[in-house]
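Visitor: What follows is a single structure, and I will ask about it in a moment.
Residue numbers (the working numbering): 1 to 118.
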């Protein structure tokens, strides 16, 4: 995948980036598992949307890999990403939180790559 060199001209990039900023604090301050789940879903969705904007090539649409379910790596990335999401509120300091969030984003990106791979 190549970076869309014109992504900064897209309104969606800034719009979705704002959502990342807005949902980051509620994830860290969630008081129960339900709040954490809801806020994490919105945060992860925002991260996916930003990555989608950055890597979307003008004039090219990504096609769904119709046999993604046959790739065992897809399921592994989904399961591991789920556990990283659970680990975010249990982190004891900002470094551990950063690592958990980074690994979550990497897992999501890897699963999306398999999902849209030709």
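All residues carry an ideal CB built from backbone N, CA and C; glycine is no exception.
Quick caveat: nothing in here was measured; it's all calculated off a predicted structure.
1. Just mark residue 27 as buried or exposed, buried being the case when its beta carbon has 16 or more other beta carbons within 10 Å.
2. Tell me where the alpha helix (DSSP H) around residue 40 begins and ends.
3. Where residue 79 and residue 9 are concerned, what is the direct C-alpha to C-alpha distance, given to the nearest angstrom?
4. Could you check what DSSP says for residue 66 in three-state terms: helix, strand or coil?
5. Is it the case that the Cβ atoms of residue 115 and residue 65 are separated by a distance below 7 Å?
6. Let's see if you can read the secondary structure: which residues bound the alpha helix (DSSP H) around residue 88?
7. For residue 54, which residues from the same chain have a beta carbon less than 8 Å from its beta carbon, with the 5 sequence-adjacent residues on both sides left out?
8. Counting only the same chain and skipping the five closest in sequence on each side, list residues whose C-beta sits under 6 Å from that of residue 40.
9. Measure the CB-CB distance between residue 108 and residue 20 and report whether it falls below 7 Å.
Guide: So, from the listed chains and residues:
1. Looking up residue 27 in the chain shown gives position 27. Residue environment: residue 27 is assigned as buried (16 or more neighbouring CB atoms within 10 Å of its CB, all protein chains considered).
2. For the purposes of this step, residue 40 is taken as residue 40 along the chain shown, with counting starting at 1. Looking at the DSSP string, the run of the alpha helix (DSSP H) that includes residue 40 is 33–55.
3. Position 79 of the chain shown, counting from 1, holds the residue named residue 79. Position 9 of the chain shown, counting from 1, holds the residue named residue 9. Whole-angstrom Cα-Cα distance: 35 Å.
4. As a working note, residue 66 is residue 66 in the chain shown. Residue state, collapsed to three classes: coil.
5. For the purposes of this step, residue 115 is identified with residue 115 of the chain shown, where counting begins at 1. For the purposes of this step, residue 65 is identified with residue 65 of the chain shown, where counting begins at 1. Yes.
6. For the purposes of this step, residue 88 is taken as residue 88 along the chain shown, with counting starting at 1. No alpha helix (DSSP H) contains residue 88, which DSSP labels as neither H nor E.
7. Start at 1 with the first residue of the chain shown, and residue 54 comes out as number 54. Excluding sequence neighbours, residue 54 sits near 3, 4, 7 and 13.
8. Translated into positions along the chain shown, residue 40 becomes position 40. 27 and 85.
9. Walking along the chain shown from the start, residue 108 turns up at place 108. Walking along the chain shown from the start, residue 20 turns up at place 20. No, these two residues do not count as a Cβ contact at 7 Å.
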